[in-house]
Structure formats: C-alpha cells, structure tokens
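Participant: Questions regarding the structure given below will be posed in turn.
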Amino acid sequence: MTNALLDYANRQTGSDLPPFDHIQPGQAEPAVRQILDENRKTIDALAAEPALLNWETLVRPLEELDDRLHRAFSPVSHLNSVTNTAEWRAAYNACLPLISAYSSDMGQHAGLHACYATVSKSDSFQSLDAAQRKVIENALRDFHLSGIDLPAVQQDRYKQIKQRLSELSTKFEENLLDATDAWTLHFDHSEALSGLPDSALAMAKQKAANKDEYKDLPEDQRGWLIGLDFPSYHAVMTYAQDRGLREQMYRAFCTRASDQGPYAGQWDNSDVMAEILALRHEAAQLLGFDNYAQRSLATKMARETDEVVSFLRDLAQRSRPRAQQELDELRAFAKELDGLDDLQAWDTSYYAEKLRQQRYAISNEELRPYFPAPQAIQGLFEVASRLFNVSFEPMEGIATWHDDVTAYAVLAASGETVGYFYLDPYARDAKRGGAWMDDCLGRRLRTDGQQLPIAFLTCNFTPPVGNKPALLTHDELTTLFHEFGHGLHHLLTRIDCADVAGINAVAWDAVELPSQFLENWCWEKVALDEFARHFETGEPMPDDLFQRLHNSKNFHAALMMIRQIEFSLFDFLLHRDYDPDQGAKVYETLNAVRAEVSVLTPPAFNRFPNGFSHIFAGGYGAGYYSYKWAEVLSADAFAAFEEEGVFNADTGARFKDHILSQGGSAEAMDLFVRFRGREPSIEPLLRHSGLLDAA
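In my numbering, the protein residues as written are 1 to 695.
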C-alpha cells in the first residue's frame, strides 16, 4: 500500500492540503520513523562543519526537515483528537515516543548548537532581517531550555523526563475522553427532562437514534439520551427542572477520570497528575530553575513568578466583593422563587439563567434562532473581511475526515490566496471536547516558492437536528469568533521564517490576544446586523432583543472573573510551590486558593483538576493565567476600535500589520506598543467587565 502520509510529507509542489481520504492509521508510524531517521542523518552531516554554515545553508535546510516531519505527524495528531478510534489512538501513541525522543535529541545536539552559535557570531548575522535574527536567538535560548549545558547523565535524565511527560499528557486526555464518553442516561419519557428547550430535547432524541443500542428500535421507542458532551451537560444544568437530575449529572461530570463518581477509580487521572507535577519540577530544577512556574515564564511576557501571582490577586481583590454580591443575589432569588435554602453547585446555572431571564427578559433559547451556524459562520467572515480586508471562499471536492467538515481558502484584497483552513464545528462521539485552533501547516519560503499556512479550527457546538440547521447560543457564537481569532493569527502572517511565523514563538501569555479581541464583535450591533437573522423568517434581530442582550453582557461578570482567577492561581501555585518531599498537593492547593479568592466552594467530591486538560494535557501548565493576562491586552486593543470606530479600516489595518501579520518575529510587548502607541492599561478590562467602580 502506498504510504499517503509519506507522499504528502515529501510533496513540494501542488496542493498542500493533506490527503485525508487516503491516510490510514497503519501508515503513521512507518512514515514518521523513516522521516526521523533521514532527518538525523542530514542534521549530523550539517553539523559536521559549522564554520561553513550561514542562514541559507543551516536554517533553511532545517526548516525543510521540520516541515517534512510536521506534514507527516500533524494529520495523525489531529485525527487522534477528532476521530479518536482505537486505531488512531494506537497510531498516535506509536509515533509519540519517537517524536519526543527526536525532539529531546535535537535540543541536546551539541553539533547543532555549535552551528547556531557560530552563525550568531558571524559577520552575516547582522545583515539578517529581524525575524531571521529572532529565529536564531530563540534557537539558542531553546537549546539551553532543552538541557544542552547539562552533563551527559543529566541530559539523559532530562530526555527520559520529556518523553514520559509526553506519554502522561496523552494518557490524561485519553482517560478524560473515555470517562466522558462512558456515561449516558436514557429516558423513555421526555417528562423526566422537563424544562429543557425543544432544541435540547431534539438533540437528546437524535442522540438516542444514533446509538447502536436504540437506533434499530421503532422511532417511538428510542427515547431520549443525554451524555457528558458539553451541549448535553450545559442544557441539563441550565434548564432541567428536576434538581435530582441536575445533581446526578453534575456528579458524573465533575468526577470524570477520578476516584469519585459513577466510574470511581476507572480512568483515574490522580496518579497521572502527581507524576506530571513531579517530573515537571525535576526537569525545571535540572535546568537551574527553582520550580516549573519559573521555567514556564522563560518564554512568556511575564518575567517573575511574583508578578503573575500579584496580578491575579489584585484582580481577585477588585472582583471578589462584587462576586459575593452577585452570589448573595442569586441565593436570595432561588429562595424567593422556589424556597431553596441551600444553593448548591448543581443549582447555580439553573437559577442564574432564570434570574437572567427575569432581569433582562432574555434567554439563550430566544437568541438561538438568530444564529444558525451556516449564517453565523458567514457573518464571522463578513466581520473579518471588513476589519482586515480579506475574504473567504469555500473549497469544493476537498477530502476531510467527517461530513461536517468544510475547507476554505483565505484571499487577500488582491485576490491572492494567503492560506487555508478546515472548520469542524459540531460535537460528536470520539471527538475531544472543547474548542481549539491547531497548526496543520505553517507559512515559510520554500525553494520552489511560498508555502501557505493551513489551520484546523475545531469546536463542539450543538449539532443540527433533523431538518433544522444548528442553532448556536450566543456563547457558542463567541467561541466561534474566539477560535477564528487564533486562526487569523496563524493565517494572516506575512513572516516567511517558519519558526516565528503565525502563532509560532508568540509568548504564551500573549497568544490569546487575537482570539479574545475578536470576541468583542459578538456584542456590537453593527456587526450582528451583518448576519443575525431569524433562520425561518429572515428577519434581523430586533433592536429591543439586541438591547436586552447588550444589557446582560456583564451579568455575573465578577463570578466568572473569580472562577478564572481560581483556575489560574491554582495552576500557578501548584507548580510554583511544588515540594518533592510532600508530593502533589493538588487538592490542598485548590482548597487554599478557593478559601482565598472564591465565594462559592464546590462540594468535597468535586474533582475538577482530574479533567483540567488545559494544564495537564495542553500547553497551559503554569500558564493558565495567560487568559487573564492576554485579556488585559485584548480589552485595551479593542478600546482603540471603540475610540476610532469598530470597523475603522485604518485601525483594522494597524492591528493586522502590527499583531496578526508579525507572528512571533518580535517581542509581544513591542508589537502591542507599535499598535497601541503605549503599553497596555488594565482600565479597559475592568470597564468592559463592569468592574471599574470596584477597582
């Protein structure tokens, strides 16, 4: 059988879109192994004569080697996330140790390090452009962060740690996915789901119809099925009148992959978390850092751990009084409405939605008809087009991994294609939860011309039901805009050096700037007027409905702020204060953080960290604070549009030129100052969150 992955990796002309219709799981490991073996030989040959090397003879060939490997592994990694079958899981896990070992070996390759050092000291270095110099400076920094300075024995230990951490992160995500998919509840009568809107009931009915256990039954006997996928969970927690059902689902969701709940001990991530924390701490100390939090900041905007902790605690101090007031109001409302004296974690979303409806006469269900997914996606394109003078065209006949997936080309004003992306919007079984943007292929200058960037944009929205299109909530609309902001950062880069193009080498606490920034247009009437039209009548969103939506923007903003601070501070202190003699004090740390900043403490059985994939399976370990840090940047960036016009062409061009197009070619603070004319202010964030008077 032809290895389609290897053919794609070797391709240097023609379409750069992966051949998803031909890629098979069994092709992954042989293709990756062959490329790694060939890469090692080429790199050893390059490193043999460092004095003869310069940008063109060192960095350019290395870019091609990295790109070839990325072409082979990126589709494997992506398919493991979105079609997590046993075959793709096995293929991914077979490749992972090979990739990890190669990465560690290259990070500690003395000859390669000498090559970069030689080029950095050569006369030709100063003639390079800023992006090229940044690539070499970053490479030298990363060699040190990979243990190049360590004695041989410690280098070997560092490699072992990095490989084991890669395996553990994958295991964490697999446990969480398996625990999520395992739990379902089936109902013979819809009365048990009383309170759920028609859209959620239809989704539950369709879920049962798609389940092997029920799909062959007569239609009137299939019943209704709910699970722990986010659309199901959110619908029950927000609308189900049966308090017992809400509690049952809450317990199942917040104990996934733990020692508690309906699958207690099965797929338990507790030992995985403990080992991850221990190994991260050991790796950081090998490199000369006091702890992993300190190591994390080596590639971020923030410079000191105390700076991060002070930032979070300052935000908590500003937000906590308002959050307590919001919680007291919610408790009083629940008591007044239903005589509830003991508001619990499984009650908050339910009564918050009722209070929001009472206070602002608005609900997500009233908004849904105005956000049919195809229309919302087109509206997103219109907003991005007006802001950044680009356009988007669907591509026909492109091979994808699921019928829901569509591919698009991104065009500049001149008509030139500048990138491509795949959009995979809906939740389904065997698909990782959450929403994310990933790099399929990066922009770089090849020997035969320009390689264009390609992005994967993945969400888990409520899927279409029957003949109706998927109708998004406003929260889902915001998520769509958020992920597309990441996508634009990757796709609109004009940097031709792969290592600093797009999202590459962007400081992690600044990488959320474009995504959070684009969310703002979900609240602007002039933007919603572009696309928010009723899916049946075509009527635009009425002015009074928009006004009610706008009035509700900061509903429970302080509670949401405190929640994010709780997650951020927990993550950072967990890594900063780790003591190997005491081990992973996961829940002790979490409880201490909650006592300090939270106003509503979840029940003792809650095992939130066991599902906190951002920090244990993603790139946010000792970095979850980045969401709040970047929110300061994004709020201040949007303030420029408030001052100059939310669709001001010059402001949009300035944001594209100084932020989106520059990737990681310069320091994030320098790029922000170029756009804004000054360093960021926290005032717009407090104002946008309705907390300015609490500052």
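For each residue, glycine too, the CB sits at the ideal point set by N, CA and C.
Note that the structure is predicted; figures quoted are calculated from it, not measured.
Less than 8 Å between the C-beta atoms of Gln163 and Ala90, yes or no?
Facilitator: Taking the sequence shown and counting its residues from 1, one reaches residue 163 at position 163. Taking the sequence shown and counting its residues from 1, one reaches residue 90 at position 90. Pairing Gln163 with Ala90 gives a Cβ-Cβ distance that is not under 8 Å.
Participant: What are the boundary residues of the alpha helix (DSSP H) that Tyr116 is part of?
Facilitator: For this step, residue 116 is matched to residue 116 along the sequence shown. Ala110 to Lys121 is the span of the alpha helix (DSSP H), which, as asked, contains Tyr116.
Participant: How is the beta strand (DSSP E) around Val465 delimited, first residue to last?
Facilitator: Along the sequence shown, one-based indexing puts residue 465 at 465. Val465 -> no beta strand (DSSP E), and no H or E assigned at all.
Participant: Sort Asp636, Thr406, His144 and Glu365 by Cα distance to Gln378 and report the nearest one.
Facilitator: Along the sequence shown, one-based indexing puts residue 378 at 378. When only C-alpha atoms are compared, the closest one is Thr406.
Participant: According to DSSP, is Ala252 part of a helix, a strand, or is it coil?
Facilitator: By 1-based counting over the sequence shown, the position of residue 252 is 252. Residue state, collapsed to three classes: helix.
Participant: Give the range of the beta strand (DSSP E) segment to which Pro197 is assigned.
Facilitator: On the sequence shown, residue 197 is found 197 positions in, with the first residue counted as 1. Pro197 -> no beta strand (DSSP E), and no H or E assigned at all.
Participant: Going along the chain, which residues of its own chain have a beta-carbon closer than 8 Å to the beta-carbon of Trp88, five neighbours each way excluded?
Facilitator: For the purposes of this step, residue 88 is taken as residue 88 along the sequence shown, with counting starting at 1. Excluding five sequence positions before and after Trp88, the CB atoms of its chain that fall closer than 8 Å to its own CB belong to Pro25, Val76, Leu79 and Asn80, given in chain order.
Participant: Which residues mark the beginning and the end of the beta strand (DSSP E) in which Phe392 is found?
Facilitator: If you number the sequence shown from 1, residue 392 lands on position 392. Under the DSSP assignment, Phe392 falls in the beta strand (DSSP E) whose first and last residues are Val390 to Pro394.
Participant: Quick check: Ile659 and Leu513, are their CB atoms within less than 8 Å of each other?
Facilitator: In the sequence shown, counting from the first residue as 1, residue 659 sits at position 659. In the sequence shown, counting from the first residue as 1, residue 513 sits at position 513. Yes, Cβ-Cβ distance for Ile659 and Leu513 is below 8 Å.
Participant: Using the Cβ count rule (16 or more neighbours within 10 Å means buried), how would you classify Lys215?
Facilitator: Here residue 215 corresponds to residue number 215 of the sequence shown, with the count starting at 1. So Lys215 counts as exposed.
Participant: In the DSSP assignment, find the beta strand (DSSP E) that holds Phe187 and state where it starts and stops.
Facilitator: Position 187 of the sequence shown, counted from the first residue, corresponds to residue 187. Phe187 -> beta strand (DSSP E) spans Thr184 to Phe187.
Participant: Do the CB positions of Leu330 and Leu340 come within less than 8 Å of each other?
Facilitator: Start at 1 with the first residue of the sequence shown, and residue 330 comes out as number 330. Start at 1 with the first residue of the sequence shown, and residue 340 comes out as number 340. Result no, Cβ atoms of Leu330 and Leu340 do not sit closer than 8 Å.
Participant: I believe Leu452 touches Gly502 by the beta-carbon criterion, under 8 Å. Please report the beta-carbon distance rounded to the nearest angstrom.
Facilitator: Numbered from its first residue, the sequence shown carries residue 452 at position 452. Numbered from its first residue, the sequence shown carries residue 502 at position 502. The Cβ separation is near 11 Å, so there is no contact.
Participant: Using the Cβ count rule (16 or more neighbours within 10 Å means buried), how would you classify Arg676?
Facilitator: What you label residue 676 is simply residue 676 of the sequence shown in a count that begins at 1. Classification of Arg676: buried, given that the 10 Å Cβ count is 16 or more.
Participant: Is it true that the CB of Leu492 sits closer than 8 Å to the CB of Phe388?
Facilitator: In the sequence shown, the residue the question calls residue 388 occupies position 388. In the sequence shown, the residue the question calls residue 492 occupies position 492. Against a cut-off of 8 Å, the Cβ pair of Leu492 and Phe388 comes out as a contact.
Participant: Rounded to a whole number of angstroms, what is the C-alpha to C-alpha distance between Ala695 and Leu549?
Facilitator: The count along the sequence shown starts at 1 and reaches residue 695 at position 695. The count along the sequence shown starts at 1 and reaches residue 549 at position 549. Unreliable placement is indicated for Ala695, whose pLDDT of 43 sits below 50; the coordinate value is still reported in the next sentence. About 25 Å.
Participant: If you draw a straight line from the C-alpha of Gln206 to the C-alpha of Ala498, how long is it?
Facilitator: Position 206 of the sequence shown, counted from the first residue, corresponds to residue 206. Position 498 of the sequence shown, counted from the first residue, corresponds to residue 498. Cα-Cα distance, rounded: 44 Å.
Participant: Counting along the chain, where does the beta strand (DSSP E) carrying Trp88 start and finish?
Facilitator: For the purposes of this step, residue 88 is identified with residue 88 of the sequence shown, where counting begins at 1. Unbroken run through Trp88 is the alpha helix (DSSP H), Ala86 to Gly107; no beta strand (DSSP E).
Participant: Counting Cβ pairs closer than 8 Å, one from the region 547-567 and one from the region 310-323, do we hit at least three?
Facilitator: yes
Participant: Candidates Ala117, Asp657, Gln516 and Thr651: which alpha carbon is nearest Glu754's?
Facilitator: No information on residue 754 is available, as it lies outside the stretch 1 to 695 that the chain covers here.
Participant: Work out the CA separation of Glu382 and Ser194 for me, nearest whole Å.
Facilitator: On the sequence shown, residue 194 is found 194 positions in, with the first residue counted as 1. On the sequence shown, residue 382 is found 382 positions in, with the first residue counted as 1. If you take the alpha carbons of Ser194 and Glu382, they lie about 38 Å apart.
Participant: Between which two residues does the alpha helix (DSSP H) harbouring Ala409 extend?
Facilitator: The residue labelled residue 409 in the question sits at position 409 within the sequence shown. Not the alpha helix (DSSP H): Ala409 falls in the beta strand (DSSP E), residues Thr406 to Ala412.
Participant: Going by DSSP, what residue range makes up the alpha helix (DSSP H) through Gly419?
Facilitator: Here residue 419 refers to the residue found at position 419 when the sequence shown is read from its first residue. Unbroken run through Gly419 is the beta strand (DSSP E), Thr417 to Tyr426; no alpha helix (DSSP H).
Participant: So, using beta-carbon positions, are Leu327 and Leu480 closer together than 8 Å?
Facilitator: By 1-based counting over the sequence shown, the position of residue 327 is 327. By 1-based counting over the sequence shown, the position of residue 480 is 480. Not in contact: Leu327 and Leu480 (Cβ atoms no closer than 8 Å).
Participant: Taking all protein chains shown into account, decide if Glu536 is buried (16 or more other Cβ within 10 angstroms of its Cβ) or exposed.
Facilitator: Here the question's residue 536 lines up with position 536 in the sequence shown. Answer is exposed; the Cβ neighbour count stays below 16.
Participant: Going by the beta-carbon positions, is the gap between Leu196 and Tyr239 smaller than 8 Å?
Facilitator: Here residue 196 corresponds to residue number 196 of the sequence shown, with the count starting at 1. Here residue 239 corresponds to residue number 239 of the sequence shown, with the count starting at 1. Contact: yes.
Participant: Starting from the C-beta of Gly244, find all residues in its chain whose C-beta is less than 8 Å away, skip the five residues before and the five after it, and write them out in chain order.
Facilitator: Taking the first residue of the sequence shown as position 1, residue 244 is located at position 244. Answer for Gly244: no residue qualifies.
Participant: Starting from Trp700, trace the beta strand (DSSP E) in both directions and tell me its first and last residue.
Facilitator: The chain is shown from 1 up to 695; residue 700 falls before or after that span and cannot be answered.
Participant: What residue range is occupied by the uninterrupted beta strand (DSSP E) comprising Gly449?
Facilitator: In the sequence shown, counting from the first residue as 1, residue 449 sits at position 449. Where Gly449 is concerned, the enclosing beta strand (DSSP E) starts and stops at Gly449 to Gln451.
Participant: Determine, using beta-carbon pairs with one atom in the region 129-136 and one in the region 245-262, whether at least three such pairs fall under 8 Å.
Facilitator: No contact exists between the region 129-136 and the region 245-262.
Participant: Have a look at Lys171, Lys159, Met249 and Arg141 and flag the residue whose alpha-carbon is nearest the alpha-carbon of Thr184.
Facilitator: As a first step, residue 184 must be located in the sequence shown, where it is residue number 184. The candidate whose alpha carbon is nearest that of Thr184 is Met249.
Participant: In chain order, what residues of the same chain lie with their CB nearer than 8 Å to the CB of Pro19, ignoring the 5 residues before and after it?
Facilitator: Sequence index remark: in the sequence shown, residue 19 carries index 19 (1-based). Excluding residues within five positions, the ones whose Cβ falls inside 8 Å are Ala4, Asp7, Tyr8 and Ala399.
Participant: Am I right that Arg280 and Gly621 are in contact with their C-beta atoms under 8 Å? What's the rounded C-beta distance?
Facilitator: Against the sequence shown, residue 280 aligns to sequence position 280. Against the sequence shown, residue 621 aligns to sequence position 621. Arg280 to Gly621, Cβ: 7 Å. Contact.
Participant: Leaving out five residues on either side along the sequence, give the residues of the same chain with a beta carbon under 6 Å from the beta carbon of Val272.
Facilitator: Locating residue 272 in the sequence shown gives position 272, where the first residue counts as 1. Once the five neighbours on either side are set aside, the close Cβ partners of Val272 are Leu168, Lys171 and Phe172.
Participant: What's the C-alpha gap between Tyr578 and Asp314?
Facilitator: Here residue 578 corresponds to residue number 578 of the sequence shown, with the count starting at 1. Here residue 314 corresponds to residue number 314 of the sequence shown, with the count starting at 1. Those two C-alpha atoms are separated by around 23 Å.
Participant: Tell me the start and end of each unbroken beta strand (DSSP E) in the region 529-559 that is at least 3 residues and wholly inside, in chain order.
Facilitator: none
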